[in-house]
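Using my numbering, read the sequence shown as starting at 229 and increasing by one per residue.
Read the structure below first, then the notes.
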Amino acid sequence: MRKAILIVIDGLTPQAFEAAVESGRAPALAALHAAGSYRRAVSTFPSLTPVCLSALATGGHPDVHGIPHLVWWHRGEQRLVEYGSSFHAMRAAGLTRGLRDTIFNMNQQHLSRDAVTVYEALESAGRTAAAINITCYRGGTRHVPTLPGVPHAFGPRRFFFYSLFESDPTGAPIAVRSRAAGSIDAYAATVGRWLVTRDGFDFLVYYLPDYDFASHALGPDDCEDALARSDAAVAALIDAAGGLDEFLERYAVVLCADHGQTRIERVDRLEDAFTGVEDVVVAASNRAGMVYDLRGGRARELAERVGPEHVALFLEEGSVVARRGGEEGIELLDDYPQGRERAAAALANPNAGEVLVSAAPGAEFADLGGRHHLGGGSHGSLEAGDSLVPMLTVGLGPPPDSITGVAPLVLAHFDIEPPAYARPLAA
Ligand SMILES: [Zn+2]
């Protein structure tokens, strides 16, 4: 049986992927595309990285994995959790705690115990899982950090995380040095080359975040240089195997993004809609927001305050209600890819707010630190531009139509039954 590699290029839109493949600007991606099957697939909602990477790693939407947003109100601890919307937002929420939430608590505490990560499922079946830089990494092996004063983490057996955790000495340079020049993906490439050279895994998640960083700054249509660097990081794996034929003889491949991006033309403060309303917490960042009703019973009232250009979602007697432009009805969600399913799953997450907001095209919500990406790109909404991703499989059969289909596809490849929540419904 071939081993498998999941390559995730953060924030890569299908349009950018397809154009790069066609033009020859991304030769490694083009070679994989020529060897495999490709389609456009759908992300989860909110289409924000921690939510999406948890969906990729567990095969569940937020109702299963429990991660609701980049920023959310922890009802049990009565505090905001901030996974790094921006440095300023992290500082506003408390920097030390922000880092702890992002790196440790998300995996050890916030990620639902009812969800099974692909690493946990594989290693229970005696396989070796490996992960590079993906922030959803929960596994069964305890890892000691490279820095003093930092807690240990539980990840897959081979675990590499921004130089902070390194299960094996690969000689890779420190990762977090020059983000704009692609230093994190360069770190991933060094580690990935080491792992492929030693054939040191059954399944590897190779997560490349630098493209998203560039797309936030420059906008989703202006990232050709960044995509060339992502392509070089993929080429590093292929070269380490001795070329494309050897690479594909050894590995089945899934290549996808976690979400897309769209251009930002204006900034809103979602908080402003709730001025003077007591016992409300607004958690907003990028192109999605959540409103927590600390008193309860006011979901409709709060949803009616949301600006009419946005989509407001809430539950009424257990049913999903969607509002936009003064209209109300579940059929509004048919304007968005897998809109009904994704909205229902986001609202069913016990950590989500009572009201969820999907931003209008071109709009972004400023984060806790007042930061935004005006003039650049962002994501988070139900809109197709934020939600559609490239989905390419090589040696794994047809590509899934959702990022939640990736983990079950990988498990099926290894003859492992996926968790019950991830099994396709019987026809
Ligand atoms: Zn992003």
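The beta-carbon is built from N, C-alpha and C at its ideal position, and this holds for glycine as well.
Predicted, not measured: the structure shown is a model, and the values here were computed from it.
- Message: I want to check one thing, is the minimum distance from the CB of Leu276 to the heavy atoms of ligand 1 below 8 Å?
- Response: Working through the sequence shown from its first residue, we reach residue 276 at position 48. Yes, since a heavy atom of ligand 1 falls inside the 8 Å radius drawn around the Cβ of Leu276.
- Query: Alpha carbon to alpha carbon, what distance is there between Gly420 and Leu472?
  - Reply: Counting from one through the sequence shown, the residue named residue 472 turns up at place 244. Counting from one through the sequence shown, the residue named residue 420 turns up at place 192. One C-alpha to the other measures close to 15 Å.
- Item | Arg529, enclosing alpha helix (DSSP H) - first and last residue | Counted from its first residue, the sequence shown places residue 529 at position 301. The displayed chain sequence assigns Glu, not Arg, to residue 529. First-last of the alpha helix (DSSP H) with Glu529: 527 to 531.
- Going by beta carbon distance, what residues of the same chain come within less than 6 Å of Gly613, once the five residues before and after it are set aside? On the sequence shown, residue 613 is found 385 positions in, with the first residue counted as 1. Excluding sequence neighbours, Gly613 sits near Gly488, Thr490.
- Query: Heavy atom of ligand 1 less than 8 Å from the Cβ of Ser606, yes or no?
  - Reply: Here residue 606 corresponds to residue number 378 of the sequence shown, with the count starting at 1. True, at least one ligand heavy atom lies under 8 Å from that Cβ.
- Measure the C-alpha to C-alpha separation of Ala580 and Arg230 and round it to an integer number of angstroms. By one-based count along the sequence shown, residue 580 stands at place 352. By one-based count along the sequence shown, residue 230 stands at place 2. Taking the straight line from one Cα to the other gives about 39 Å.
- Per-residue DSSP class, three states only, for Met318: The count along the sequence shown starts at 1 and reaches residue 318 at position 90. Reduced to three states, the DSSP call for Met318 is helix.
- Does the Cβ of Leu375 have 16 or more other Cβ atoms within 10 Å, making it buried, or fewer, making it exposed? One-based indexing of the sequence shown puts residue 375 at position 147. It counts as exposed.
- Task: With a threshold of 8 Å, establish whether the CB of Gly613 neighbours any heavy atom of ligand 1.
- Result: On the sequence shown, position 385 is the one that residue 613 refers to. Not so, every heavy atom of ligand 1 lies at least 8 Å from the Cβ.
- Query: Taking 8 Å as the line, does the beta carbon of Asp440 fall inside it for any heavy atom of ligand 1?
  - Reply: Taking the sequence shown and counting its residues from 1, one reaches residue 440 at position 212. Indeed, a heavy atom of ligand 1 lies less than 8 Å from the Cβ.
- Tell me, which residues are paired with Gly605 by DSSP? Reading the sequence shown from its first residue, position 377 is the one you call residue 605. BP columns for Gly605 point to Arg491.
- Message: I'd like to check one pair, Pro274 with Ser606: are the Cβ atoms closer than 9 Å?
- Response: The sequence position of residue 606 within the sequence shown is 378, counting from 1. The sequence position of residue 274 within the sequence shown is 46, counting from 1. No. Outside cutoff.
- Look at Cys364 and Pro278 and say whether their C-beta atoms are less than 9 Å apart. To locate residue 364, count along the sequence shown from 1; it is residue 136. To locate residue 278, count along the sequence shown from 1; it is residue 50. Yes, these two residues count as a Cβ contact at 9 Å.
- alpha helix (DSSP H) containing Leu432: first to last residue? What you label residue 432 is simply residue 204 of the sequence shown in a count that begins at 1. Leu432 -> not in any alpha helix (DSSP H); beta strand (DSSP E) instead, spanning 431 to 436.
- Which word fits Phe315, buried or exposed, when buried means at least 16 other C-beta atoms lie within 10 angstroms of its C-beta? Indexing the sequence shown from 1 puts residue 315 at position 87. It is exposed - the Cβ of Phe315 has fewer than 16 other Cβ atoms within 10 Å.
- Relative to ligand 2, is the shortest distance from any of its heavy atoms to the C-beta of His444 smaller than 8 Å? Ligand 2 is absent from the structure shown, which contains only ligand 1.
- Alpha carbon to alpha carbon, how far is Val378 from Glu305? As a working note, residue 378 is residue 150 in the sequence shown. As a working note, residue 305 is residue 77 in the sequence shown. Answer to the nearest angstrom: the Cα atoms are 22 Å apart.
- Per DSSP, what kind of secondary structure is Leu234 in: helix, strand or coil? Here the question's residue 234 lines up with position 6 in the sequence shown. In the structure shown, Leu234 sits in a strand (DSSP, three-state: E or B).
- Query: Can you tell me whether Leu298 is buried or exposed, with buried defined as 16 or more other CB within 10 angstroms of its CB?
  - Reply: Stepping through the sequence shown from its first residue, residue 298 is reached at position 70. Leu298 is buried by the Cβ-count criterion.
- Message: Taking only three categories from DSSP, how would you classify Ala655?
- Response: As a first step, residue 655 is located in the sequence shown; it is residue number 427 there, counting from the start. Residue placement at Ala655 is flagged as unreliable, the pLDDT there being 37, under the threshold of 50; the coordinate-derived value follows with that caveat. In the structure shown, Ala655 sits in coil (DSSP, three-state: anything other than H, G, I, E or B).
- When Trp422, Pro384, Met334 are compared against Pro401, the one with the closest alpha-carbon: In the sequence shown, the residue the question calls residue 401 occupies position 173. When each option's Cα is compared against that of Pro401, the closest is Trp422.
- Message: Between which two residues does the alpha helix (DSSP H) holding Ile412 run?
- Response: For the purposes of this step, residue 412 is taken as the residue at position 184 of the sequence shown. Counting along the chain, the alpha helix (DSSP H) containing Ile412 begins and ends at 411 to 426.
- Sequence-distant residues of the same chain with beta carbon closer than 7 Å to Ser282, five excluded per side: What you label residue 282 is simply residue 54 of the sequence shown in a count that begins at 1. The answer, listed in chain order, is His293, Ile295, Leu339, Cys364.
- Item | As assigned by DSSP and simplified to three states, the class of Ser443 | Numbered from 1 along the sequence shown, position 215 holds the residue referred to as residue 443. Of the three classes helix, strand and coil, the one that applies to Ser443 here is helix, per DSSP.
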